[in-house]
Amino acid sequence: MIKTDLQLIGEDSKDIWARFWEVIEPFRHQLWHYCLKLTGSPWDAEDLLQDTILKSFAALSALSHREQPLKTKSYIFRIATNHWLDQCRRQKVLLDETVDDKIIETDAIDHLEINEALESLIHHLPPKQAVVFILMESFCFTAKEVAELIVTTEGAVHAILYRARKKLKELTKKKHSQQDLKSPIHLNKLAIKEFIERYNNQDFKGLAELLIDESTFSFVSMTSTEYGKETITKYSLNPNKANSFTNIIAHCYSLWGLPAIVFIEKTEEGERLYDLNTIEWENGKITRWKCYYFCRELMAHAAKELNLSLAPIENF
Numbered sequence: 554m555i556k557t558d559l560q561l562i563g564e565d566s567k568d569i570w571a572r573f574w575e576v577i578e579p580f581r582h583q584l585w586h587y588c589l590k591l592t593g594s595p596w597d598a599e600d601l602l603q604d605t606i607l608k609s610f611a612a613l614s615a616l617s618h619r620e621q622p623l624k625t626k627s628y629i630f631r632i633a634t635n636h637w638l639d640q641c642r643r644q645k646v647l648l649d650e651t652v653d654d655k656i657i658e659t660d661a662i663d664h665l666e667i668n669e670a671l672e673s674l675i676h677h678l679p680p681k682q683a684v685v686f687i688l689m690e691s692f693c694f695t696a697k698e699v700a701e702l703i704v705t706t707e708g709a710v711h712a713i714l715y716r717a718r719k720k721l722k723e724l725t726k727k728k729h730s731q732q733d734l735k736s737p738i739h740l741n742k743l744a745i746k747e748f749i750e751r752y753n754n755q756d757f758k759g760l761a762e763l764l765i766d767e768s769t770f771s772f773v774s775m776t777s778t779e780y781g782k783e784t785i786t787k788y789s790l791n792p793n794k795a796n797s798f799t800n801i802i803a804h805c806y807s808l809w810g811l812p813a814i815v816f817i818e819k820t821e822e823g824e825r826l827y828d829l830n831t832i833e834w835e836n837g838k839i840t841r842w843k844c845y846y847f848c849r850e851l852m853a854h855a856a857k858e859l860n861l862s863l864a865p866i867e868n869f
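Per our numbering, the very first residue in the sequence shown carries number 554; after that it's consecutive.
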């Protein structure tokens with residue numbers, strides 16, 4: 554097969570991507586939890602994480618012109634912050650752009666339990682206040698580091714932090730109801746029910762019939778996507794895999810507001826979470842299918858919600 558220019562560039566970038574991944578991988582766990590605190594949703598956190606990694610890689614060429622040393626953690630946290638703030642701007646969320654640049658003494662307010670405050674942080678604070686509070690209180694960034702990250706002054710950072718703390722102090726006096734994040738959903742959609750039945754019967758051909766010709770199957774976190782029904786059937790729905798998954802049963806649960814296909818592995822020690830998928834449907838057919846197997850932070854979060862242990866990752 555003759556490869557196109559883009560495919561050749563892709564081949565050349567593999568070594569660079571591997572080097573890039575080695576540098577940022579030690580900070581991935583912290584970055585995911587930062588994204589979770591910003592978005593308030595594990596699904597959105599994973600999306601923000603993946604966008605951040607791709608944007609960080611794409612912006613590498615611009616770093617060659619930078620004369621000052623650049624810390625990896627600050628770099629990727631800045632990308633995540635700016636991308637999230639951009640999303641908020643597109644959704645027309647108040648960013649609290651106007652702040653008093655004077656440094657405000659923060660000892661005048663009582664200490665807050667960070668974990669308790671963060672439960673309602675994103676829903677009740679302007680995005681920029683949320684960013685400053687999370688970075689300084691949860692990830693121990695200094696005011697100077699935060700100022701460089703969001704391109705403002707240290708005085709403005711202290712002012713924003715003061716406002717955030719004051720707002721959160723008010724919120725802790727109120728009671729907030731919590732939603733159940735994990736509950737079985739009634740399989741009232743024929744498409745979902747068909748998917749579950751066909752998977753559990755190891756009917757790979759039947760699963761392929763649920764795909765539209767332009768379907769995509771993505772391994773989130775691996776930047777790997779299979780395009781088209783023919784390709785998905787050849788690889789991810791290859792019938793030769795059937796014997797490998799006889800001890801794994803698919804269920805459908807509502808996780809964090811979205812229906813998710815949960816794959817539970819039965820072992821001698823008990824049941825454990827093996828995989829987690831989401832599917833987008835159109836007229837009873839699959840358009841986009843995402844596999845979160847390699848998103849270990851999200852998988853661990855889901856296992857905790859489902860009260861299951863997490864199966865270790867395997868080499869494919």
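Note that CB positions come from ideal geometry on N, CA and C, so glycine has one too. Bear in mind the structure is a predicted one, so any value in this text is a computation, not a measurement.
Excluding five sequence positions before and after residue 694, the CB atoms of its chain that fall closer than 6 Å to its own CB belong to 688, given in chain order. When DSSP states are grouped into helix, strand and coil, residue 756 belongs to the coil group. Classified as buried, residue 595 has 16 or more neighbouring CB atoms from the shown chains inside 10 Å of its CB. A check of alpha carbon separations from residue 752 across 828, 847 and 802 identifies 802 as the nearest. For residue 622, the three-state secondary structure derived from DSSP is coil. Of all alpha-carbon atoms in 807, 863 and 586, the one lying nearest the alpha-carbon of residue 692 is that of 586. Buried is the label assigned to residue 773, since at least 16 other Cβ atoms lie within 10 Å of its Cβ. Contact between residue 768 and residue 842 holds, with the beta-carbon distance rounding to 7 Å and staying under 8 Å. Residue 700 is a Cβ neighbour of residue 709, given a cutoff of 9 Å. Between the stretch 779 to 791 and the stretch 554 to 571 there are fewer than three inter-stretch CB-CB distances shorter than 8 Å, so the stretches are not counted as touching. With respect to the C-alpha of residue 624, the residue from 677, 609 and 716 having the closest C-alpha is 609. DSSP places residue 860 in the coil class of the three-state scheme, outside both helix and strand. Counting along the chain, no alpha helix (DSSP H) covers residue 764; the unbroken beta strand (DSSP E) around it starts and ends at 764 to 772. The residues 623, in chain order, have a CB closer than 7 Å to that of residue 616 in the same chain once the five nearest residues on each side in sequence are set aside.
Under the three-pair Cβ rule at 8 Å, the stretch 813 to 829 counts as touching the stretch 857 to 868. Under the three-state reduction of DSSP output, residue 612 falls in the coil class, being neither helix nor strand. Going by beta carbons, residue 678 and residue 720 fall inside the 9 Å limit.
Spanning the alpha carbons of residue 714 and residue 690 requires a straight line of approximately 9 Å. In the DSSP annotation of this structure, residue 695 is not part of any beta strand (DSSP E), being labelled neither H nor E. Rounded to the nearest angstrom, the gap between the Cα atoms of residue 838 and residue 618 is 48 Å. If you look at residue 564, you'll find it in the alpha helix (DSSP H) that goes 558 to 577. Taking 9 Å as the cut-off, the beta carbon of residue 601 is found no closer than this to the beta carbon of residue 703. Between residue 635 and residue 824, the alpha-carbon positions lie close to 40 Å from each other. Judged by DSSP secondary structure, residue 708 falls within the alpha helix (DSSP H) whose first and last residues are 707 to 724.
In the structure shown, residue 595 falls within a helical segment according to DSSP collapsed to helix, strand and coil.
Residue pairing for residue 834: DSSP places it in a beta bridge opposite 839.
Cβ atoms of residue 829 and residue 813 come within 8 Å of each other, at about 6 Å.
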